[in-house]
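Before any comments, here is the structure.
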Amino acid sequence: MSQGIVHQLITTKKGCSKTMRTQKWLRIIAINDVYELQNLPKLRTLIKMCLNDDDDDDASILPTTPTSTTNKQPDLTIVTLAGDFLSPSLLSALDRGRGMVDVLNQIPVNYVSFGNHEADLDLFHVRKRVSEYQGKWLNTNMPSFQNGAPYIWNNVGTTVPYDVLDLGDGIHVGLVGLLTDQPGVFSTDTFRGVVIEDVGLSTLNAIKSMQIDLEEEDDTILAAVIPMTHQNVDDDERLANTLFQQCNDVPCPLILGGHEHELILKTYGKKKDDIHNNNNTNNTNNTTQLIKTGSDATNAVIADVMIDIDHHNNAASRTVQTSTTTTVIDLTQLPSDLKILQLCDHHEESISIMKSEVIIDCAAGAIGKERSQAKDEVLSSINARYQQTTLGCIFATACREELLTDCAMINGGPIKGERTYTSNTLSYAQLQNELPFPTKMVSTPMLGKVLIQAVHEARTGKEERGYLQLCDNMKVDANHSNVLISINNIEIDPNQIYNVALPRNLMSGFCKINSLIELGQTFSTKSKKRDFVESFVPALNLVVAYFAKDLWKRLGDWDELDVNADGVIDQNEIANAFFKRFGKYPSEPLLNNLMSSFDTSEDGMVSEQEFRRTMSRKFGDDYIKAKE
């Protein structure tokens, strides 16, 4: 194994005189922001190496035993994932994160916490994934989710506010899980309105609760607290400072962070004033390390937390010192664990099977509403960088409907197919060819005059990738394709604010559309920029979800689908309706995708209420109320 794989950052503290010493070693293997499965078999290999489970593995990449310990092995080893793993990915668009949780269980990953992309899923599906997860799901600052509010389904999917690790000899370390409260990072509302409480205050309250829990045991101590966070790095520093100022008796040697998609190793030091005002003279822990591992488990960080306790003459005079060694492991250089690799292949098989399945079918106006840019035209992506195309309109319309915005647009650059189709259908493989990159769609408020200017600039500018494809409810002047005149057949108001779905990179300078760049500059601070970067859903996922619902309408109304009139539609009824309509049965992945797009309770059946609620959102008032 090459030496370039490993990077070490070592922080130590000066010792003090000791009368009786207790020493403990906690090893943490940390990852964050994992959207794809491909590197998780390599993570399992690393874990086996750390646990000495496989003699064939090359352990030379592992950190050496810390010089500050007499132990040969850690007292406890845990694996953590600090948020963003249920979404977004193509697999998660099909299985709502089920495959990811299954793999995490088998590795195993012992602790997870929420990220903003967990909120991409319907709240019930999130709770189902929580209930399936076999480790501990830490949730410190969303107590309303933890308690089941605002929607309670028989306590399905409960989380824990914290966990206390027992290292032996009465020495404990607390873990908390914290999610950012910045609304701009969430693609939709936050778990249907769940309140996210202040990160610092929630941590302090959790520490107090842990201390109370331990008071019931003799000769125990909460020696440290380690937060798992999913927030921007500025807020992580703020948390560290809060703990420096208000929690002198419990050191925070380490923050296991997520949210940014880059490797970050930082050390925060206690300010001189904080040290001077520290009444606990026995606490010499003046630094906190922050680690973020990047994304998709390309890296893992091994954090070795050493805890030294000098007991002196009695428990009241104990001195707690911590030191942390962090080692970055490039997981891409490790071999895959075969068992986990096979499991990942099994879950991703559904994607392969889907490739031949028809995803888009625009026969008989199946897109749902009038396609002002594409009606009665063949499906085509020819010259999407220079002109409005039917597929450009369809993709933008799907993004509008799934993100629940007033309108949507997507630049022609990400549309790569450059072909005209002989039928009104696209297979999944063809759709992937049209949208091969993870074009990240966001929803943002925009004045009508900015929207007008953006369309004008994009459709007259020299940047060939920037030509804006418009959704079906956006109309341009019949003689001037660069003049936007109406939305939903109502003249556009320059002073009205519209919610617009568009690729986020257009507001950061891509394609040089000045009006959108100026809009993006309103996210001027570092924190707002980071939040904005995280708030997205891939366009391909939105199109797949949209047409799953569209296919339902083509299969028939409620009375046609509920053949046995038992009040629910099961998989057999959908499969038979599919055969009746298309002359073949759907593949299992397609059938599962059809069911999950309506089955919000995930009980394997679609109730009339679920059917009509979803249909009303997509197709209007004809489906609003279920029959009594």
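Here the sequence shown is numbered in this note's numbering, starting from -10 and rising by one per residue.
Each residue gets a CB set at the ideal place from its N, CA and C atoms; glycine is no exception.
For clarity, every value in this text was computed on a predicted model and none was experimentally measured.
Per DSSP, cross-strand counterpart(s) of residue i
i      : result
Leu279 : Ile244, Lys255
Trp14  : Met295
Glu599 : Answer is none; Glu599 lacks a bridge partner.
Lys464 : Ser475
Pro172 : Beta-bridge pairing links Pro172 to no other residue.
Met217 : Gly166, Leu245
Tyr375 : Answer is none; Tyr375 lacks a bridge partner.
Glu480 : Ser475
Cys351 : According to DSSP, Cys351 bridges with nothing at all.
Leu544 : In the DSSP output, where bridge partners are listed per residue, Leu544 has none listed.
Ile20  : Leu70
Thr311 : Ile296
Val149 : Leu127
His161 : Asp155, Leu211
Leu436 : Ile486
Assigned secondary structure, residue i (DSSP; H/G/I helix, E/B strand, else coil)
i      : result
Gln485 : coil
Asn230 : helix
Tyr417 : helix
Gly406 : coil
Ala534 : helix
Leu35  : helix
Leu579 : helix
Val184 : coil
Glu390 : helix
Asn28  : coil
His445 : helix
His469 : strand
Pro492 : strand
Met430 : strand
Asp319 : strand
Ala286 : coil
Ile502 : coil
Met398 : strand
Leu40  : coil
Ser605 : helix
Asn267 : For Asn267, the predicted model reports a pLDDT of 40, less than 50, meaning its position is unreliable and no value from the coordinates is stated.
Ile96  : coil
Met620 : The question about residue 620 has no answer here: the residues shown for the chain are numbered -10 through 617.
Gln62  : coil
Met584 : helix
Cβ shell of residue i (< 7 Å), same chain only, five flanking positions each side left out
i      : result
Leu32  : Ile20, Ile96, Ala286, Ala289, Leu320
Gln124 : The sequence shown places Gly at residue 124, rather than the Gln named in the question. Closer than 7 Å at Cβ, skipping near neighbours: Pro97, Val98, Asn99, Tyr100, Val101.
Phe134 : Asn128, Thr148, Phe180, Val183
Leu495 : Asn400, Ile502, Leu505
Asn582 : Leu83, Ala537
Pro52  : Gln(-3), Ile291, Asp293, Thr314, Thr316
Asp588 : Met594, Val595, Glu599
Ile141 : With a pLDDT of 41 at Ile141, under the threshold of 50, the modelled position of this residue cannot be trusted; read the value that follows with caution. If we look at Ile141 and ignore the five residues flanking it on each side, it has no Cβ neighbours.
His642 : Residue 642 lies beyond the stretch modelled for the chain, which goes from -10 to 617, so this question has no answer here.
Asp482 : Gly437
Asp111 : Thr589
Thr270 : The predicted model places Thr270 with a pLDDT of 32, which falls under 50 and marks its position as unreliable; any figure quoted below should be read in that light. If we look at Thr270 and ignore the five residues flanking it on each side, it has no Cβ neighbours.
Leu79  : Ile340, Leu529, Asn530
Expected contact under 8 Å - CB spacing of residue i and residue j to nearest Å
i      : j      : result
Ile210 : Ile160 : 6 Å
Ile563 : Leu579 : That belief does not hold up - the Cβ atoms of Ile563 and Leu579 are roughly 10 Å apart, past 8 Å.
Gly455 : Tyr487 : Not confirmed; about 20 Å, so no contact.
Leu15  : Val294 : 4 Å
Leu168 : Asn130 : 6 Å
Asp73  : Gly247 : 6 Å
Ala397 : Leu491 : 7 Å
Ile318 : Lys281 : So it is not a contact: roughly 14 Å between Cβ atoms.
Cβ-based neighbour list, residue i, same chain, cut-off 6 Å, excluding 5 preceding and 5 following
i      : result
Asp559 : Met594
Ser497 : Gly509
Glu121 : Val90
Val347 : Thr414, Ser416
Arg602 : none
Residues of its chain near residue i, where Cβ-Cβ distance is below 8 Å and the 5 sequence neighbours each way are ignored
i      : result
Gly163 : Tyr151, Asp152, Val153, Leu154, Ala195, Ile196, Met199, Leu211, Ala213, Val214, Ile215, Val239
Cβ of residue i within 8 Å of any chain D Cβ
i      : result
Leu228 : Among the chains in the structure shown there is no chain D, since it carries only a single protein chain.
Any non-hydrogen atom of the ligand MG within 7 Å of residue i CB
i      : result
Thr308 : With respect to small molecules bound, the structure shown includes none, and the ligand MG cannot be examined in it.
Item checked: the segment 86 to 95 / the segment 48 to 59 touching (three or more Cβ pairs under 8 Å) -> no
Notebook entry, point to check: So, do the segment 323 to 337 and the segment 228 to 241 have three or more beta carbon pairs nearer to each other than 8 Å?
Noted result: These segments do not touch.
Item checked: Inter-stretch contact (C-beta, 8 Å, three-pair minimum) for the segment 403 to 416 and the segment 464 to 478 -> The count of Cβ pairs closer than 8 Å, one atom from the segment 403 to 416 and one from the segment 464 to 478, stays below three, leaving the stretches out of contact.
Note to self: Under 8 Å, with one C-beta from each stretch per pair, do the segment 371 to 380 and the segment 392 to 412 reach the 3-pair mark?
What the structure shows: Counting Cβ pairs under 8 Å, three or more are found: they touch.
Check: Contact between the segment 525 to 534 and the segment 458 to 468: three or more CB pairs below 8 Å?
Finding: no
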